[in-house]
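Down below is the structure, laid out as structure tokens.
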Amino acid sequence: MNTENRIAQLLTAKKITLSTAESCTGGGIASAITSVPGSSEYFVGGIVAYSNELKVALLDVNPQTLEQYGAVSRETVTEMAKGAMKRMKTDCAVATSGIAGPGGGTPDKPVGTIWIAVAYKKELVTMKLEKDEGRQMNTQKAIESVLLLLEKCLK
């Protein structure tokens, strides 16, 4: 059984709702979640907020957080996940923000730097990915990592 199906079982059994807030994964997490039949029972929706303006307007990310830490930071994905839960009224949410590549990296945040977050009730877990394996693989690794982290948090 794949991760999406195990998550589906956990969310269904616990009657938990899920939302997503994605930047660098471009809706890939929502796509993976909705690939499971019956996902409408627990998946409320997702926001793909690529721009900082949308992160602020739709996910309640504080502009000062973006200014101080940048879009690719623990602080920003934390606020994205909390904002998704609040805006979509769900029990849990996942968030991603990163530099998938091939361009856009800096010495402080090279290509492959991706922050992920899982918020569940009052808990929040973050993780930083730092390996550049090319844009497609960077994005796929972020999606897989979020799903595994979500599954772990739900258990």
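Final position of the sequence shown in this note's numbering is 254; the numbers increase by one with none missing.
Beta carbons: idealized from backbone N, C-alpha and C, even for Gly.
Kindly indicate the opening and closing residues of the alpha helix (DSSP H) around serine 130.
Serine 130 -> alpha helix (DSSP H) spans 127 to 133.
For lysine 227, write down the residues that DSSP places opposite it in a beta bridge.
Per DSSP, Trp214.
For a test of the three-state rule: what should DSSP assign to threonine 119, helix, strand or coil?
In the structure shown, the three-state DSSP call for threonine 119 is strand.
Assuming alanine 148 contacts lysine 181 under a Cβ cut-off of 8 angstroms, what Cβ separation, rounded to an integer in Å, is found between them?
14 angstroms between Cβ atoms; not a contact.
Contact defined as beta carbons within less than 8 angstroms: I believe threonine 102 pairs with threonine 195. What is the distance between those atoms, to the nearest angstrom?
With 8 angstroms as the limit, threonine 102 and threonine 195 do not qualify as a contact, their Cβ atoms being about 15 angstroms apart.
So what does serine 196 bridge to, in DSSP terms?
Listed as beta-bridge partners of serine 196 by DSSP are Trp214.
Could you tell me which of Ile198, Ala192, Lys251 and Gly202 sits nearest to glycine 169, measuring between CA atoms?
The option with the nearest alpha carbon to glycine 169 is Ile198.
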